[in-house]
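A.B. asks: Once you've had a glance at the structure underneath, I'll fire off some questions.
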Amino acid sequence: MLRSLRLAACILALPSLATVLGAQPSRARIVARLDSIAGAPVARGDVAGLTVVVRRGGDTLLARGYGHVDLARAVPMTVDRVFPIASLTKQVAAAAVLRLVERGVVGLDDDVRRHVPDAPTQGRRITVRQLLTHTAGLPDFADRPDPDSTRARDVRPMETLARVRGLPLDFAPGTQLRYSNTGYLLLGMLLERHAGVSFAEHVTRTLLRPAGAATAGYCGVRAGATAPVSGHRRTREGLRVVERPLHPSVAHAAGGTHLCASALDLAAWNDALHRGRVLAPASYAAMTTGALVRGAGADTLRARYGFGLALSTLAGRRARHHGGDVGGYASYLAYLPDDSLSIVLLLNTEGPVRHVALAEQLIAAALGPAAPERETPVRASPATLDALAGAYGDGPAAFARSGDGLAFVWDGGPPEPMRQVAPLAFTNGASRFTFVVRPGAPPAVWADLTYVVARWTRRGAAGR
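In this note's numbering, the protein residues as written are 676 to 1139.
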């Protein structure tokens, strides 16, 4: 009797289950929505062309090109076209270094001078791990103007390093995180010295081809290189082809170059990397664990950047992602581990499309709205909020009271209300701020902007 009642209850529950399942959009509707979102930047005239891949598990929901390879020649874009991928090269470099770690050739906590003796460390001990996580303090050569004469020629890594050699470190190694192309240039030199071949040749043969990235590799004027699509920029006359594109060696995204790849190549790479076909589990765990940054005091912060990967959220979901920009091109690659979702974006136009926002629109279309984050059960008291408010660091950052919480203020601009996510931690969406309070000392805050992490101390008196 009891068994019959249970069976009846299950049968009665079936219509409601069917109703729930029926409420989910069909695959065809999801694909149509993705196609509409992906094509919008071209339809608006914001970009000359782009390619997009959206893949969930083994199901490719969208793989298409939009717009044109070259506006001057009106060549239609196709998804197999190759683009410079700029700083997406960094995650490939990081994986190659971890392969050396797995073989015992390199240690993550080795002094980089053990492998690159002429590294410009200013006599400080800088580890391989700190180069991978941008916590070394090395000045970024990209912030120092290079001579115009170098744009179109092959520039050797040592010539690029000369732009920062002799400069003081930006901060003591391990105490902040600040994105620096210099660190990945050194990692590429490390790889070349152990591999005995160029960085591009090494990673193409050992990582990209085995991952199924059939057309990825060096892009440039060398024999066998794949010619990328034309880059474009906006002028007063509209979108125009970049007449003097940068030589691949000038960008030095990693290893004295940046790579070229198609969206299909990057989808294959994403699948291989994040589904266990590139690295051992321990290596992948290290790559996807945020850097530990140590402050002036005893406090530390686990940053939202690992080895060549940002580890923040996209569209309310955990993501492992990175972007790239180089004269006339933009790229973006994301993987959402909880949903096995890959997003690949390659654009042959610099600005004004925000590729992160475009990726988030595609994620929402593919997966639906994310579950709302739960508010922290512990709320800071009004007295605590008053004590935290004020100007911080040497720059234009400040925090102000906003209702029963805090708002972030940058350079006197409008306050951005923040949501409290832990007893002393707040977020305004893109950034996370974790306060440090000690008796007898002014409050400090860890500002985690994903690609920059710094510890600021409040200056002057608290304010509302």
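Glycine included, every Cβ here is placed at the ideal spot set by N, Cα and C.
In whole angstroms, what separates the C-alpha of residue 1064 from that of residue 1104?
C.D. replies: As a first step, residue 1064 must be located in the sequence shown, where it is residue number 389. As a first step, residue 1104 must be located in the sequence shown, where it is residue number 429. So the two alpha carbons sit approximately 19 Å from each other.
A.B. asks: Which same chain residues end up closer than 6 Å to residue 807 when comparing Cβ atoms and leaving out the 5 residues on each side of it in sequence?
C.D. replies: Residue 807 sits at position 132 when you count from the first residue of the sequence shown. Around residue 807: 769, 982.
A.B. asks: With DSSP collapsed to three states, give me the class of residue 1091.
C.D. replies: Residue 1091 sits at position 416 when you count from the first residue of the sequence shown. DSSP places residue 1091 in strand when its eight states are reduced to three.
A.B. asks: Measuring CB to CB, does residue 787 end up less than 9 Å from residue 776?
C.D. replies: Indexing the sequence shown from 1 puts residue 787 at position 112. Indexing the sequence shown from 1 puts residue 776 at position 101. Against a cut-off of 9 Å, the Cβ pair of residue 776 and residue 787 comes out as no contact.
A.B. asks: Spell out the partners DSSP gives residue 751 in its beta bridges.
C.D. replies: Here residue 751 refers to the residue found at position 76 of the sequence shown. Residue 751 is bridged to 743.
A.B. asks: Identify every residue that forms a DSSP beta bridge with residue 759.
C.D. replies: Start at 1 with the first residue of the sequence shown, and residue 759 comes out as number 84. According to DSSP, which records beta bridges pairwise, residue 759 is partnered with 935.
A.B. asks: Contact check, residue 712 vs residue 1036 under 8 Å by CB: the rounded distance?
C.D. replies: For this step, residue 712 is matched to residue 37 along the sequence shown. For this step, residue 1036 is matched to residue 361 along the sequence shown. Right, the Cβ-Cβ distance comes to about 5 Å (below 8 Å), so this counts as a contact.
A.B. asks: Between which two residues does the alpha helix (DSSP H) carrying residue 1059 extend?
C.D. replies: On the sequence shown, position 384 is the one that residue 1059 refers to. Looking at the DSSP string, the run of the alpha helix (DSSP H) that includes residue 1059 is 1057-1063.
A.B. asks: Is it true that the CB of residue 812 sits closer than 9 Å to the CB of residue 784?
C.D. replies: By one-based count along the sequence shown, residue 784 stands at place 109. By one-based count along the sequence shown, residue 812 stands at place 137. Going by C-beta atoms, residue 784 is not nearer than 9 Å to residue 812.
A.B. asks: I need the DSSP call for residue 790, collapsed to helix, strand or coil.
C.D. replies: Taking the sequence shown and counting its residues from 1, the one referred to as residue 790 is at position 115. In the structure shown, residue 790 sits in coil (DSSP, three-state: anything other than H, G, I, E or B).
A.B. asks: Consult DSSP for residue 842 and reduce its assignment to one of helix, strand or coil.
C.D. replies: For the purposes of this step, residue 842 is identified with residue 167 of the sequence shown, where counting begins at 1. Looking at residue 842 - three-state DSSP - the assignment turns out to be coil, as it is neither helix nor strand.
A.B. asks: At which residues does the beta strand (DSSP E) containing residue 857 begin and terminate?
C.D. replies: For this step, residue 857 is matched to residue 182 along the sequence shown. From DSSP, residue 857 is part of no beta strand (DSSP E) but of the alpha helix (DSSP H) over 856-870.
A.B. asks: Between the Cα of residue 704 and the Cα atoms of 966, 781, 1042, 970, which residue gives the shortest distance?
C.D. replies: As a working mapping, residue 704 is identified with position 29 in the sequence shown. Answer by Cα proximity: 1042.
A.B. asks: Just list the beta strand (DSSP E) runs in the region 937-972, keeping only unbroken ones of 3 residues or longer that don't cross its boundaries, in chain order.
C.D. replies: With a minimum length of 3 residues, the continuous beta strand (DSSP E) runs that stay inside the region 937-972 are 967-969.
A.B. asks: Under DSSP, the alpha helix (DSSP H) around residue 808 begins and ends at which residues?
C.D. replies: Taking the first residue of the sequence shown as position 1, residue 808 is located at position 133. Careful: residue 808 lies outside any alpha helix (DSSP H) and carries neither H nor E.
A.B. asks: Which partner residues does residue 999 have in the DSSP bridge list?
C.D. replies: Position 324 of the sequence shown holds residue 999. BP columns for residue 999 point to 1006.
A.B. asks: Across which residues does DSSP place residue 1101 in a beta bridge pair?
C.D. replies: Locating residue 1101 in the sequence shown gives position 426, where the first residue counts as 1. Paired residue(s): 1095, 1108.
A.B. asks: Can you look up residue 710 in the DSSP assignment and give me helix, strand or coil?
C.D. replies: Within the sequence shown, numbered from 1, the residue matching residue 710 stands at position 35. Of the three classes helix, strand and coil, the one that applies to residue 710 here is helix, per DSSP.
A.B. asks: Use the C-beta contact count for residue 958: other C-beta atoms within 10 angstroms, 16 or more gives buried, fewer gives exposed.
C.D. replies: As a position in the sequence shown, residue 958 is number 283, starting the count at 1. Result: buried.
A.B. asks: Using only the alpha-carbon positions, how far apart do residue 947 and residue 760 sit?
C.D. replies: What you label residue 947 is simply residue 272 of the sequence shown in a count that begins at 1. What you label residue 760 is simply residue 85 of the sequence shown in a count that begins at 1. Residue 947 and residue 760: Cα-Cα distance of roughly 18 Å.
A.B. asks: Can you give the Cα-Cα distance for residue 1047 and residue 1016, rounded to whole angstroms?
C.D. replies: By one-based count along the sequence shown, residue 1047 stands at place 372. By one-based count along the sequence shown, residue 1016 stands at place 341. Rounded to the nearest angstrom, the two C-alpha atoms are 19 Å apart.
A.B. asks: So the alpha helix (DSSP H) residue 774 belongs to, where does it begin and stop?
C.D. replies: As a position in the sequence shown, residue 774 is number 99, starting the count at 1. Segment 764-777, the alpha helix (DSSP H) holding residue 774.
A.B. asks: What is the residue span of the beta strand (DSSP E) that residue 1120 lies within?
C.D. replies: By 1-based counting over the sequence shown, the position of residue 1120 is 445. Element bounds for residue 1120: 1119-1123.
A.B. asks: Would you list the residues sitting across from residue 921 in a DSSP beta bridge?
C.D. replies: Start at 1 with the first residue of the sequence shown, and residue 921 comes out as number 246. Residue 921 is not bridged to any residue.
A.B. asks: Can you list, in chain order, the residues of its chain whose CB lies under 6 Å from that of residue 1132, leaving out five sequence neighbours each side?
C.D. replies: Here residue 1132 is taken as the residue at index 457 of the sequence shown, counted from 1. Within the same chain, residue 1132 has close Cβ partners 1117, 1119.
A.B. asks: Ends of the beta strand (DSSP E) at residue 975?
C.D. replies: Counting from 1 along the sequence shown, the entry for residue 975 is found at position 300. From DSSP, the beta strand (DSSP E) with residue 975 extends over 975-977.
A.B. asks: Taking the alpha-carbon positions, what's the residue 851 to residue 702 distance?
C.D. replies: What you label residue 851 is simply residue 176 of the sequence shown in a count that begins at 1. What you label residue 702 is simply residue 27 of the sequence shown in a count that begins at 1. Roughly 44 Å between the two C-alpha positions.
A.B. asks: Using CA coordinates, which residue listed in 753, 746, 763 is at the minimum distance from residue 738?
C.D. replies: Taking the sequence shown and counting its residues from 1, one reaches residue 738 at position 63. Looking at the Cα atoms, 753 is the closest of the given residues.
A.B. asks: Excluding the 5 residues flanking residue 977 on each side, which residues of the same chain have their C-beta closer than 7 Å to its C-beta?
C.D. replies: Taking the sequence shown and counting its residues from 1, one reaches residue 977 at position 302. Closer than 7 Å at Cβ, skipping near neighbours: 965, 967.
A.B. asks: Give the DSSP-derived three-state secondary structure of residue 853 in the structure shown.
C.D. replies: Position 178 of the sequence shown, counted from the start, is the residue given in the question as residue 853. Strand, per DSSP.
A.B. asks: Out of curiosity, what's the CA-to-CA distance linking residue 898 and residue 842?
C.D. replies: Within the sequence shown, the letter at position 223 stands for residue 898. Within the sequence shown, the letter at position 167 stands for residue 842. Residue confidence is low: residue 898 scores 45 on pLDDT, short of 50, so the model does not pin down where it sits. No coordinate-derived value is stated.
A.B. asks: Here's a check: name, in chain order, each residue in its chain whose Cβ is nearer than 6 Å to the Cβ of residue 815, leaving out the five neighbours to either side.
C.D. replies: The residue you call residue 815 lines up with position 140 of the sequence shown. 855, 856, 857.
A.B. asks: Please report the distance separating the alpha-carbon of residue 727 from that of residue 1098.
C.D. replies: The residue given as residue 727 occupies position 52 in the sequence shown. The residue given as residue 1098 occupies position 423 in the sequence shown. About 40 Å.
A.B. asks: Under 9 Å, do residue 1026 and residue 911 count as touching if we go by C-beta distance?
C.D. replies: Here residue 1026 corresponds to residue number 351 of the sequence shown, with the count starting at 1. Here residue 911 corresponds to residue number 236 of the sequence shown, with the count starting at 1. Contact: no.
A.B. asks: Just to confirm my understanding: we take residue 742, look at its own chain, exclude 5 residues before and 5 after, and list those with CB closer than 6 Å. What are they?
C.D. replies: Mapped onto the sequence shown, residue 742 falls at position 67. Cβ within range, chain order: 717, 723, 724, 752.
A.B. asks: Short check: CB of residue 1134 to CB of residue 1111, under 9 Å?
C.D. replies: Taking the first residue of the sequence shown as 1, we reach residue 1134 at position 459. Taking the first residue of the sequence shown as 1, we reach residue 1111 at position 436. Result no, Cβ atoms of residue 1134 and residue 1111 do not sit closer than 9 Å.
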